[in-house]
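*Asks:* As numbered in our numbering, residues 51 to 281 make up the sequence shown, in order. Cβ coordinates follow ideal geometry from the N, Cα and C atoms, glycine included. Below you'll find the structure I mean.
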Amino acid sequence: MPQTPHVEKHFTASAIVRDIVIGMADGLTVPFALAAGLSGAVEDPAIVITAGLAEIAAGSIAMGLGGYLAAKTDAEHYMSERDREERETIELPEKEAEEVAEVFHSYGLPETTVNAVVDAIRADRKRWVDFMMRFELGLEEPDPRRARTSAMTIAFSYIAGGLVPLAPYFVSSSVHHGLIGSIVVTLLALLIFGYIKGKFTTPHPLRSAWQTAVVGGLAAGAAFLIAKAIG
Numbered sequence: 051m052p053q054t055p056h057v058e059k060h061f062t063a064s065a066i067v068r069d070i071v072i073g074m075a076d077g078l079t080v081p082f083a084l085a086a087g088l089s090g091a092v093e094d095p096a097i098v099i100t101a102g103l104a105e106i107a108a109g110s111i112a113m114g115l116g117g118y119l120a121a122k123t124d125a126e127h128y129m130s131e132r133d134r135e136e137r138e139t140i141e142l143p144e145k146e147a148e149e150v151a152e153v154f155h156s157y158g159l160p161e162t163t164v165n166a167v168v169d170a171i172r173a174d175r176k177r178w179v180d181f182m183m184r185f186e187l188g189l190e191e192p193d194p195r196r197a198r199t200s201a202m203t204i205a206f207s208y209i210a211g212g213l214v215p216l217a218p219y220f221v222s223s224s225v226h227h228g229l230i231g232s233i234v235v236t237l238l239a240l241l242i243f244g245y246i247k248g249k250f251t252t253p254h255p256l257r258s259a260w261q262t263a264v265v266g267g268l269a270a271g272a273a274f275l276i277a278k279a280i281g
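Rendered as structure tokens:
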């Protein structure tokens, strides 16, 4: 009887999705809160648009730079730890071999099997260091393009998210109408974004959708009330 091949499907772009989530989440909420806050203090939509665009420019640069530096730090940390592991396999080979054996003992393998596997791993120093990095330290080698990719992904996601709450002000004759339109489109965008994010990151996308919308709404509401009180 023919059998259907078993094909496992795993999501492997978690780093990209994380960067999109970081950029889009801030892009939707921060300019939304800024626009709502200004709407409580000014009457001209052009002021809201100008301030919003300036914030999006500054925010995307800051967020992108933050992503770049974070990825560079991860790469430097990995190389530092790898250099240390390489030195230890030369200076303390027996100690490192014991650490390899402990990993396999934790899986309940018999001593004879563990010894054979440890000897096989020790025969290739690169493979030995790779094993220690992965199973002792839990570190994966970063993509050398990760820093640039992360910066661009976060920055453009921030810009895309930030333009959503500003869009209604471009076509509104008054700040009041612009604010109402901004609330509607941004909360809808937050719901959609939260749902899509939840599909990738949690088993409860609907909960992710309303939580994301609530956070964005609270941020905008607080900014509006503060600006209204001060103004």
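Do residue 231 and residue 210 come within 9 Å of each other at the CB atom, strictly closer than that value?
*Replies:* Along the sequence shown, read from residue 1 onward, the residue named residue 210 stands at position 160. Along the sequence shown, read from residue 1 onward, the residue named residue 231 stands at position 181. Contact: no.
*Asks:* Helix, strand or coil, according to DSSP, for residue 142 in the structure here?
*Replies:* Counted from its first residue, the sequence shown places residue 142 at position 92. In the structure shown, residue 142 sits in coil (DSSP, three-state: anything other than H, G, I, E or B).
*Asks:* For residue 130, name the three-state secondary structure that DSSP assigns.
*Replies:* Along the sequence shown, read from residue 1 onward, the residue named residue 130 stands at position 80. In the structure shown, residue 130 sits in a helix (DSSP, three-state: H, G or I).
*Asks:* What did DSSP end up calling residue 198 once you bin it into helix, strand or coil?
*Replies:* By one-based count along the sequence shown, residue 198 stands at place 148. If DSSP states are grouped into helix, strand and coil, residue 198 belongs with the helices.
*Asks:* Whose CA, out of 196, 242, 168, 175, lies closest to the CA of residue 154?
*Replies:* Residue numbering aside, residue 154 sits at position 104 when the sequence shown is read from its first letter. Cα-wise, what sits closest to residue 154 is 168.
*Asks:* Just mark residue 141 as buried or exposed, buried being the case when its beta carbon has 16 or more other beta carbons within 10 Å.
*Replies:* Residue mapping note: residue 141 aligns to position 91 of the sequence shown, counting from 1. Residue 141 is exposed by the Cβ-count criterion.
*Asks:* Anyone know if the C-beta pair for residue 98 and residue 266 falls short of 9 Å?
*Replies:* As a position in the sequence shown, residue 98 is number 48, starting the count at 1. As a position in the sequence shown, residue 266 is number 216, starting the count at 1. Not in contact: residue 98 and residue 266 (Cβ atoms no closer than 9 Å).
*Asks:* With distances taken between CB atoms, is the gap from residue 139 to residue 175 smaller than 9 Å?
*Replies:* Within the sequence shown, residue 139 is the residue found at index 89, counting from 1. Within the sequence shown, residue 175 is the residue found at index 125, counting from 1. The answer is yes: Cβ separation under 9 Å.
*Asks:* Starting from residue 85 and walking both ways along the alpha helix (DSSP H), at which residues does that stretch end?
*Replies:* Working through the sequence shown from its first residue, we reach residue 85 at position 35. Its alpha helix (DSSP H) spans residues 64 to 89.
*Asks:* In angstroms, rounded to a whole number, what distance separates the CA positions of residue 61 and residue 279?
*Replies:* Translated into the one-based positions of the sequence shown, residue 61 becomes position 11. Translated into the one-based positions of the sequence shown, residue 279 becomes position 229. With a pLDDT of 46 at residue 61, under the threshold of 50, the modelled position of this residue cannot be trusted, and the question is left open.
*Asks:* Step through the CB atoms of chain C and report whether any lies within less than 9 Å of the CB of residue 153.
*Replies:* Included in the structure is just one protein chain, with no chain C present.
*Asks:* Determine the direct distance from the alpha carbon of residue 71 to that of residue 94, and round the result to whole angstroms.
*Replies:* On the sequence shown, position 44 is the one that residue 94 refers to. On the sequence shown, position 21 is the one that residue 71 refers to. Approximately 32 Å between the Cα atoms of the pair.
*Asks:* Need the endpoints of the alpha helix (DSSP H) that residue 252 sits in, please.
*Replies:* Here residue 252 refers to the residue found at position 202 of the sequence shown. Unbroken run through residue 252: none, as it is neither H nor E.
*Asks:* What's the C-alpha gap between residue 234 and residue 201?
*Replies:* Mapped onto the sequence shown, residue 234 falls at position 184. Mapped onto the sequence shown, residue 201 falls at position 151. So the alpha carbons of these two residues sit roughly 30 Å apart.
*Asks:* Given 8 Å as the limit, is there contact between the segment 185 to 200 and the segment 121 to 128, that is, 3 or more CB pairs closer than that?
*Replies:* yes
*Asks:* If you drop the 5 nearest sequence neighbours on each side, which residues of the same chain put their C-beta closer than 8 Å to that of residue 260?
*Replies:* The count along the sequence shown starts at 1 and reaches residue 260 at position 210. 241, 244, listed in sequence order.
*Asks:* Of the residues 143, 144, 86, 160, which one's Cα is nearest the Cα of residue 269?
*Replies:* Residue mapping note: residue 269 aligns to position 219 of the sequence shown, counting from 1. Of 143, 144, 86, 160, the residue nearest in Cα terms is 86.
*Asks:* Among 119, 183, 69, which one has its Cα closest to the Cα of residue 133?
*Replies:* By 1-based counting over the sequence shown, the position of residue 133 is 83. Selected option, being the one with the closest Cα: 183.
*Asks:* Do the CB positions of residue 150 and residue 178 come within less than 9 Å of each other?
*Replies:* Here residue 150 refers to the residue found at position 100 when the sequence shown is read from its first residue. Here residue 178 refers to the residue found at position 128 when the sequence shown is read from its first residue. Contact: yes.
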